[in-house]
Ligand SMILES: [Zn+2]
Ligand SMILES: [Zn+2]
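Chains as they are written, first to last, in the numbering used here: chain Y, 5 to 296; chain V, 5 to 296; chain Z, 9 to 286; chain E, 9 to 286.
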């Protein structure tokens, strides 16, 4: 996996060494479950918390042009470290009202179409794309299915596979299945230290395999959604450290660390021509999998 | 207008001379009104009547991928004279039930999105695009407006302005305003002898200017929606003859004449490289207008 | 009837003006000319946006005397010899006299907070902001000027649609302006479209909705077909915010609603984001 | 819970089979094996489409002995040492034994009415047609084989989604297959996707919906989330054709519904339209 190596070379040496150490001692079931809980912590910073701390001149773009403006998906333009970037990301709600409005960060197809529209705007104007992933999954609603949830998630990935601009995706909380990977087909995919990235929620997995959602902890231990294991499997290119105790303890510090990581990776990617970026991006994802 | 000349050179000499003759004697108000009536004749062939007579292996494509399949807009693939073409066109209904289902050929945004999707498929596979225009106008509904009727009509034109495949549009009945031009930004725009192409319906115009829909005939005479005047103004590139009495008198003969015209123009266009086609297409439309 | 979609429809015009144009149609507050001008023609009491003339908009957006008008000399002709209750030529002369404009759009070069841009500003006072050959040609030239100078294009639209009196040539201004925007985009320059009340019919169905960013003034009507036409055809009672900015935002058709006093600041931020030359 | 969306959900599987697999679950007509096989596993009485095995599909579509299988040797590994009630390795061994397949997809070269194509056919009998590393890799190789040989790719999907037992690597088969289709499209080759019951979760949300043409068998479930999950979350009673082919056609998500006996003829026509090499 060329880019896994590439990723290790990026970021400052300290963080790089820290990652290596962590990779030595395999994360225990306890540590995995802790990550699951911290990834969902109610005070964990959400996409807009990072936006307001990392970006200047933020201008939010609304709507999918034709059906709705989905509050579960954020899209907009801002200046990161001087350069203009396009940013997309799911947004959970803080209070009860906002949570309902944003469907707990579970986008409808209209949300993914908004993201697609802004990705294409970024491509037109050569703005790098930053994607912040934080969702339990795409919204499983009747209208969502009628409006093509599956096809739209595929289309969002396809558009990301076509881009010739640098793209960095970071799982900042829950990387929930197809609804997460829809905006994570990027040149660099990172996870925060206590984020999770999984094919299914521990509860969902437990319900199916053990017929008991209570077995979530056992399920998590079985499919290992924590950052260390995702890095070991070559699924992500790096781990973004969080402040002591987790991102929820210090939003400002978490934002500084996140910004540093994103900027590091963009700096590296911006040296490559667009078609080479795309070629490597596709090659990276096409290399994922284990078989005999 | 380079392409107007280009158009005159295409088609067989007989039809070319016929066009010139017609251009000599200016159409009278009576002739204009006759065209309006024939363009709307209830037995006039509609898009699917021509499809079944002109295309082999016709395969209709359905849906806008995300909201609906609009029966007022037809889209599909077929073989015309051996070559595979993509075809789009509005479809009116024959009987009362079909008329309601197809909204009298007035598409919703979902209909234009279906056409856009098939135009992009044609571009991907280098299939020429044939567009048959026959609509009183885009559907003026509450949901249509909410779903972005205006923006979608603009997007459909924009996509046609981007294509690098040969494109031929023919107004086969009513060319009703924005809902018609949405699929008529083509390398060659033709009109059947008794078709009409207008910025507004005679009734609509009369209602506004004379406060009396009954003045439709007077309105038509004033804004001249007939093929001869459209050709004189450089808005279209050629006139497709109809069988004696009009297309409704002989669907087969009308289809033969239409097919001959479309194939003539495609044959000419296929010699040009795609970017040159696009450059000329845009130059043609950018040249339209009269001012001092 | 649906063809009325891109025509100037009287029903699309703002509610019949009250006795005095300086009286707010919503809350009936009355203002002196200088008060309204100072408030950018926004009602200080209820926030209603009065119609704003093209030159006033330019003065409120462009830096000092940075605006350099282009193609001011273009005038409409009468290709159809169009005559309804009065000749088109007479309507044109009258409109020019009453507005001091050659047609319904003003274009030119400007800077906003010292960043270069091209402006294309429509004026509803000139025959309902209807788009004929001159509006199409001037907008088209604005696209070329922006592309040649490497600056973003900013348009503000206020239009009842295509200009019926120019017949099919008015309709052709839709594909014409669409092609012009596509050429601008191929040149890599951004296009920011601001839609003011009303932006309907052929202008909505062509360049106005093609911006990289779509902004709208509050409560602006943005519908392809006029409310009366929709009502006649559908026989429904329309939602009370039918076609208005707020509904369009809810349905995902625009990026943001920007009150007039915030427009200059918003455009300036977007020019920074799109890296317009200083 | 919504993450269940791309997982094999028992609720997504066809209704529990009646006593005998040859009895139609809809009209209860009973058939002999040879009758069902002759009828392509379609109920002669009510048209119900029984599940159809991958090799039977290939035999019904490809010319005579034109099919040449590719990558048959690929087998899944157990990267996570996954163990629920039983080890994943044990489930794999059992599936291979009961189906005679190495995994849930068969790929290879074929001709249909003498036009060349590449086939990628899934088999629901192998662990619910779930997509793990082997399904992703074989589909990916099918894209390359089609591109290299300059022929269209035809896939038939029947899958409950991603294979949970391979954890995050199963999820990565979504972007992997998406990238493979994009490479195929850049090579200019068409992709025709046929969705059979059920095509859900991660397969629907990746390559299955990326075809230039999207076909579906009658009454096939095509939903991203399983009906039970949707019901749990939304607390609505679902439309009775929720996620089925007919609903998807109505909502514009597929091009056509093709009954199994017409599939070979339809594919042959599409191969002519896309000018597949003879
Ligand atoms: Zn007021
Ligand atoms: Zn049966």
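Cβ coordinates follow ideal geometry from the N, Cα and C atoms, glycine included.
In the region 162-233 of chain V, which residue ranges form an unbroken alpha helix (DSSP H) of at least 4 residues, counting only runs that do not cross its ends? Correct list: 181-185, 206-213, 220-227.
Could you tell me whether the Cβ of residue 66 of chain Y comes closer than 7 Å to any Cβ of chain Z? Yes - at least one Cβ of chain Z is within 7 Å of the one on residue 66 of chain Y.
Beta-carbon of residue 294 of chain Y versus every beta-carbon of chain V: anything under 7 Å? Chain V, which has no Cβ nearer than 7 Å to the Cβ of residue 294 of chain Y, makes this no.
Every unbroken alpha helix (DSSP H) within the region 94-142 of chain E, with a cutoff of 4 residues, ordered by chain: You should have 96-107.
What does residue 60 of chain V pair with, by DSSP beta-bridge criteria? Its beta-bridge partners are V/83.
If we count the other Cβ atoms within 10 Å of its Cβ and call it buried at 16 or more, is residue 65 of chain Z buried or exposed? Classification for residue 65 of chain Z: buried.
Positions along the region 221-254 of chain E whose CB lies within less than 9 Å of some CB in chain V: For chain V, the residues of the region 221-254 of chain E that bring a beta carbon within less than 9 Å of one of its beta carbons are 221, 222, in chain order.
Going by DSSP, what residue range makes up the beta strand (DSSP E) through residue 199 of chain E? Looking at the DSSP string, the run of the beta strand (DSSP E) that includes residue 199 of chain E is 199-207.
Considering only heavy atoms of ligand 2, does any lie closer than 6 Å to the CB of residue 166 of chain E? Flag unset: Cβ of residue 166 of chain E not near ligand 2.
Sort Z/214, Z/89, Z/28 by Cα distance to residue 233 of chain V and report the nearest one. Answer by Cα proximity: Z/89.
Bridge partners - residue 252 of chain E, DSSP secondary structure assignment: As a beta-bridge residue in DSSP terms, residue 252 of chain E pairs with E/229.
Any idea what DSSP makes of residue 138 of chain Y, helix, strand or coil? Here residue 138 of chain Y sits in strand by DSSP.
Would you mind reading off the limits of the beta strand (DSSP E) that contains residue 76 of chain Z? It spans 76-78 - the beta strand (DSSP E) in which residue 76 of chain Z sits, taken as one unbroken run.
Taking only beta carbons into account, state which residues of the region 120-139 of chain Y come closer than 8 Å to chain V, listed in chain order. Only those residues of the region 120-139 of chain Y whose C-beta falls short of 8 Å from the nearest C-beta of chain V would be listed, and there are none.
Chain V beta carbons: is any one of them nearer than 7 Å to that of residue 250 of chain Y? Judged by the 7 Å Cβ criterion, residue 250 of chain Y is not in contact with chain V.
So, under 8 Å CB-CB, residue 120 of chain Z and residue 69 of chain Z are touching, yes? Tell me the CB distance rounded to an integer number of Å. That belief holds up - the Cβ atoms of residue 120 of chain Z and residue 69 of chain Z are roughly 6 Å apart, short of 8 Å.
Looking at chain V, is there any beta carbon in it that lies within less than 7 Å of the beta carbon of residue 151 of chain Y? Interface residue (Cβ-Cβ distance to chain V less than 7 Å): residue 151 of chain Y is classified as such.
Our contact map puts residue 182 of chain V next to residue 157 of chain V with C-beta atoms below 8 Å; I'd like the distance itself, whole angstroms only. Yes, residue 182 of chain V and residue 157 of chain V are in contact; Cβ-Cβ is about 5 Å, under 8 Å.
Between the region 68-80 of chain V and chain E, which residues of the former have a C-beta closer than 7 Å to a C-beta of the latter? Within the region 68-80 of chain V, the residues whose Cβ lies closer than 7 Å to some Cβ of chain E are 68, 69, 70, 71, 72, 73, listed in chain order.
heavy atom of ligand 2 below 6 Å from residue 53 of chain E C-beta: Flag set: Cβ of residue 53 of chain E near ligand 2.
Can you have a look at residue 132 of chain Y and say buried or exposed, based on whether 16 or more other CB atoms are within 10 angstroms of its CB? Result: buried.
What residue range is occupied by the uninterrupted beta strand (DSSP E) comprising residue 244 of chain Y? Its beta strand (DSSP E) spans residues 242-244.
Cβ pair residue 109 of chain E, residue 203 of chain Y closer than 7 Å: Result no, Cβ atoms of residue 109 of chain E and residue 203 of chain Y do not sit closer than 7 Å.
Which residues of chain Z have a Cβ atom closer than 7 Å to the Cβ of residue 88 of chain Y, listed in chain order? The CB of residue 88 of chain Y comes closer than 7 Å to the CB of 281, 283 in chain Z, given here in chain order.
For residue 178 of chain V and residue 138 of chain V, which I take to be in contact (beta-carbon distance under 8 Å), what is that distance rounded to the nearest angstrom? For residue 178 of chain V against residue 138 of chain V, the beta-carbon gap comes to about 6 Å, under 8 Å, which counts as contact.
If we define contact as Cβ-Cβ less than 7 Å, is residue 119 of chain Z a contact residue for chain V? Residue 119 of chain Z does not count as touching chain V.
Name, please, each residue of chain V whose Cβ falls closer than 7 Å to the Cβ of residue 287 of chain Z. Nothing can be reported for residue 287 of chain Z: it is not among the residues displayed for chain Z, which extend from 9 to 286.
Let me check you understand the geometry: is the CB of residue 151 of chain Y closer than 6 Å to at least one non-hydrogen atom of ligand 2? No, ligand 2 has no heavy atom inside 6 Å of this Cβ.
Does the beta carbon of residue 37 of chain E fall short of 6 Å from some heavy atom of ligand 2? Checking the Cβ of residue 37 of chain E against ligand 2 gives yes.
So with CB distances below 8 Å, who are the chain Y contacts of residue 288 of chain E? Beyond the ends of chain E as shown, which are 9 and 286, falls residue 288 of chain E; an answer cannot be given.
Do residue 198 of chain V and residue 42 of chain V have their C-beta atoms closer together than 7 Å? Yes, they are a contact pair.
Residue 56 of chain E Cβ short of 6 Å to ligand 3 heavy atom set: You won't find ligand 3 in this model; what it holds is ligand 1 and ligand 2.
State yes or no: is the C-beta of residue 177 of chain Z within less than 7 Å of the C-beta of residue 141 of chain Z? Result yes, Cβ atoms of residue 177 of chain Z and residue 141 of chain Z sit closer than 7 Å.
Examine the Cβ distances between the region 70-80 of chain V and the region 263-272 of chain V and report whether three or more of them are shorter than 8 Å. With the cut-off at 8 Å, the region 70-80 of chain V and the region 263-272 of chain V do not touch.
With a threshold of 16 other CB atoms inside 10 Å of the CB of residue 105 of chain Z, please say whether the residue is buried or exposed. Burial call: exposed.
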